[in-house]
Every structure is written in C-alpha cells, then in structure tokens.
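Trainee:
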Amino acid sequence: MQAPERFSNLPEYAFPRLRALLDPYPPGPAGANTEPVAMSLGEPRHPPPPFLAEALARHLHLYGKYPPNEGHPDLLEACAAWTNRRYGVSVDAGANVFPLNGTREGLFNACLALSPESKNGGRAAVLLPNPFYQCYAVAALTAGAEPVYVNATAETGHLPDYATLDPTLLDRVTVAYICSPANPQGAVAGPDYWAGLLALAERHDFRIFADECYAEIYRDAPPPGILSAVRRVGADPERVLAFHSLSKRSNLPGLRSGFCVGGAGAVTALRRLRAYTGAPLPLPAQLAAAEIWRDETHVEANRALYAEKYALAERIIGFAPKAGFFLWIGVGDGEETALRLWREHGVKVLPGSYLSREASPGAGVGDPGWGYVRAALVDEVAHVERGLHAIREVIGG
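Take 722 as the starting number for the sequence shown in this note's numbering and just add one per residue.
1) Going by CA-CA distance only, name the one from Phe1040, Arg993 and Ala846 that's closest to Arg1113.
2) Drop a sphere of 10 angstroms on the beta-carbon of Gly827, count the other beta-carbons inside from all chains shown, and report buried for 16 or more, exposed for fewer.
3) Nearest to Leu1008 by CA position, among His767, Ala778 and Gly1053, is which residue?
4) Short of 7 Å in beta carbon distance, which residues of its chain neighbour Pro868, apart from the five on each side in sequence? Order them along the chain.
5) Alpha carbons only, please: which of Arg844, Thr889 and Gly917 is nearest the one belonging to Leu880?
6) How big is the Cα-Cα spacing for Ala873 and Thr1058?
7) Pull up the DSSP beta-bridge partners for Val896, would you.
8) Could you tell me if Phe1046 is buried or exposed, where buried requires 16 or more neighbouring beta carbons within 10 angstroms of its beta carbon?
9) Classify Leu730 as buried or exposed, calling it buried when 16 or more other Cβ atoms lie within 10 Å of its own Cβ.
10) For the segment 782-801 against the segment 1094-1111, do three or more pairs of beta-carbon atoms, one drawn from each stretch, fall closer than 8 Å, so that the two count as touching?
11) Counting only the same chain and skipping the five closest in sequence on each side, list residues whose C-beta sits under 7 Å from that of Pro1072.
12) The beta strand (DSSP E) spanning Ser1077 covers which residue range?
13) Are Pro905 and Leu1076 touching if we call contact CB-CB under 7 Å?
14) Which residues does DSSP list as the beta-bridge partners of Ala867?
15) Just to confirm, are Leu976 and Ala1006 a CB contact at a threshold of 7 Å?
16) Enumerated in chain order, which unbroken segments of the beta strand (DSSP E) with a length of 3 residues or greater are wholly contained in the segment 1024-1103?
17) Given 8 Å as the limit, is there contact between the segment 813-831 and the segment 978-988, that is, 3 or more CB pairs closer than that?
18) To the nearest angstrom, how far is the alpha carbon of Cys900 from that of Cys856?
19) Determine the direct distance from the alpha carbon of Leu742 to that of Ser949, and round the result to whole angstroms.
20) Short check: CB of Ala963 to CB of Leu921, under 7 Å?
21) Can you confirm whether the segment 754-766 touches the segment 988-1000 when touching is taken to mean that 3 or more C-beta pairs between the two stretches lie within less than 8 Å?
22) Tell me the rounded alpha-carbon separation between Gly1067 and Asp882.
23) Under 6 Å Cβ to Cβ from Trp915, same chain only, skipping five residues before and after it: list those, please.
24) Do Ile929 and Val954 come within 7 Å of each other at the CB atom, strictly closer than that value?
25) Could you give the distance in angstroms between the alpha-carbon of Gly1085 and the alpha-carbon of Ala996?
26) Measure the C-alpha to C-alpha separation of Trp1049 and Gly907 and round it to an integer number of angstroms.
27) Measuring alpha carbon to alpha carbon, tell me which residue in Asn830, Arg807 and Asn822 is nearest Ala1000.
28) Please return the same chain residues whose Cβ sits closer than 7 Å to the Cβ of His1110, not counting the five positions on each side in sequence.
29) What are the start and end residues of the alpha helix (DSSP H) that includes Pro820?
30) Need the endpoints of the beta strand (DSSP E) that Val982 sits in, please.
31) Can you give the Cα-Cα distance for Leu739 and Ala910, rounded to whole angstroms?
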C-alpha cells in the first residue's frame, strides 16, 4: 500500500540517512585504533541525577496502576513551581500544565489538537524555522496543514523572521513553531524577539509553540522564555504553549519526561486528545520526575561540564554557542565534510541538510543547512576535544 499523499515527499529521517552515508566505510585511520567520536546525536552523556535510582525504587509498586491521563498531582505541582521560579510567572498546576511522554509527544500532538485544517478560506499553514526539529514538519502534515519552511540564517540571527512573510500567508497560519535555544544553531530569542512574535500572532490570529528544551544549558545568562514575555506584554496565554524536558536539563532522555505550559483551553484540548491516544508517563517515572524538577544542584553541575566544552570549542575552532550543546559549523558541503570526518578521523557529525529543506516560496533562498554540519558536545571531554581537532583539520582551521 502507498503512504498517504501528504507524506509522499517526506525525506528519510536524519539518522537513517546518516547511517546510509557512513556505514559503507570503516572509521578512518585516526579512529581505527581508538573509539570513534560520537558527535551526531544530541543524546546527553553526563551523569543523571544521583538520586534517580532511589526515587524510582520508592515507587516501583505503582507500575501495577494505570497512570492518570492528566498527570499525577505531585508532578503537576513540581512542573508549575519550576516554571514559576524560572520565568517569574504564576501558572496553575491543574489548569495550565500538561505532562508529556517526552516533548516530542507534545510538539506533535499539540498541532493535531489545536490546528484546524483550513483558515480564512484556505489550507491552514504552519510556520517552521529552517533548519528544524523534524517532528514539527510531520505534525503539520498530519494535521492537514501546509508546512512553511522559513530560513533561519546568520543574516536573521539564526532565528526565523516570520514577520517578513506575505500577510496573505500569515492570515492562513494556525501555528508557528520556534526553538530557543535553537537546535541546531544555539541562537537565543531575546525579549524583543518574543514580544514581536507575540504581536504578530495576535495580528494574524495564530498560536506559538515554543520548544525550549535546551533552556537550562547556557553559557552566561539564562535564556529568556516566551512565558515571561506573555506576562510582560500582557498577551493572551491561549496563544502560547511552552515545552520543557528533563532530557537535556537532567541528562535523562530515556525517562521520557517533559511538560508543556499554556492556556487552560489548549491544555484541555491536549488532555482530550490523549484520552483517546493514551500515552501518559508511568507513575514511578512521573513521581521521580517531580523530585528531579525540584532539584537544581545537579543542573548547575551539568552546566559546569558544558562550560568546559564551550571553552574547548572557543579555543580549537574559534566559537561556541550561546546556549544548548550543538555547534553549527559552516563547512562548504555538509555531506562531504561528514563523510571525510568519518573516513579520515572516525568522527561522526550530522550534515546540516539532514535537518533542513529548500525554503518555501517567499521564506528565503535555497537550503540553509547544505553548507553546515552539526556537532554535539555531549561526549566526555577527551572525545569532544579529539573531535574538535579533527573538525578543525578537515575544514582547514
């Protein structure tokens, strides 16, 4: 059977594409006698919180119960309290917080729950930064909307400038995705950017899905979030869903614990959808996650480890991101460079074009990821240092 037409032009996902590119070749001479350096996948390698095992063990008996669809009250309260501390806001645990089985679940399902298929007499449009987390595009397509790939390049501060789009297109927009700190570029949306985007959403009547999963990994100052901007400018909270995760903050991608915060109407719609699709986090994981959201000591230790790698990147290749743990490196030809790094040095990075598309009409020119590679600073320091030296050698300093 053929796949639905809406998915017919969907390319292979990034990591199967990378395997197809690299697997025919062994790691090159520099990596033949040592362990290959993994810099392609954003999978944190730092230690998880030291109290995780004990927290899970205390609640193992709850694997015998179905988890509540809307989340355990203890987790809801912990997520709300963290949000209020971090962003200086006042969200209600019961009305405004929705725990997620990993933020990918929320970033996908929110589009299904909240984006109609048509608007103002035309097909609904969903705005995506380009490059982007691939889940966004599939969510838009599944919801029946047109994904609009808006280039986020050095000229735009590596954040999409949605305000430059044709107003007739903006009138069809139902959702705008934005990632800050950005994956893969590490760019941070400041207060003025958030305020401008909120004003644009009000003018053209669309929602903003703010993917802020890298917000707790930064160099100097905590990245400002969209919720603070909502409070500051008095925006309608129903315009916004902000997404957060323990995957990066606490080095727990396998726990699959995230949450989103937004208006009560949006949260109600997400709960209604999950009642049918059914993917709440198991109760032991929910209660352990509540303890982890309440602790900041391990988060500060995690940032200190990344600070050491930022310093390495500054010294070896001349720059480091403002936030997050990716380097977005201009190399000329991303695929060719990724293959050279693997064959000559045993270093695995991701071609930038595996995270991007040709820009949509009126949203930029060409594929903004083609001349880049993404390198993740997640491995132990010695491996990261070896990988950075290899990158410098291959791209010529």
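Glycine included, each C-beta is placed from N, C-alpha and C at the ideal position.
Model, not experiment: these values are computed from the prediction.
Mentor: On the basis of the supplied data:
1) Phe1040
2) buried
3) Ala778
4) Val847, Leu849, Ala858, Ala861 and Leu862
5) Gly917
6) 21 Å
7) Val847 and Arg928
8) buried
9) In the sequence as presented, Leu is not what sits at residue 730; that position holds Asn. Flag for Asn730 reads exposed.
10) no
11) Gly1055, Glu1056, Ala1059 and Val1094
12) Looking at the DSSP string, Ser1077 is not in any beta strand (DSSP E), and its letter there is neither H nor E.
13) yes
14) One detail in the question is off: residue 867 reads as Glu in this sequence, not Ala. Glu867 pairs with Ala846.
15) yes
16) 1047-1051 and 1093-1097
17) yes
18) 12 Å
19) 43 Å
20) no
21) no
22) 37 Å
23) Ile947 and Ala950
24) no
25) 40 Å
26) 8 Å
27) Asn822
28) Ile1037
29) First-last for Pro820: Val818 to Asn822, but that is the beta strand (DSSP E), not the alpha helix (DSSP H).
30) Ser978 to Gly983
31) 30 Å
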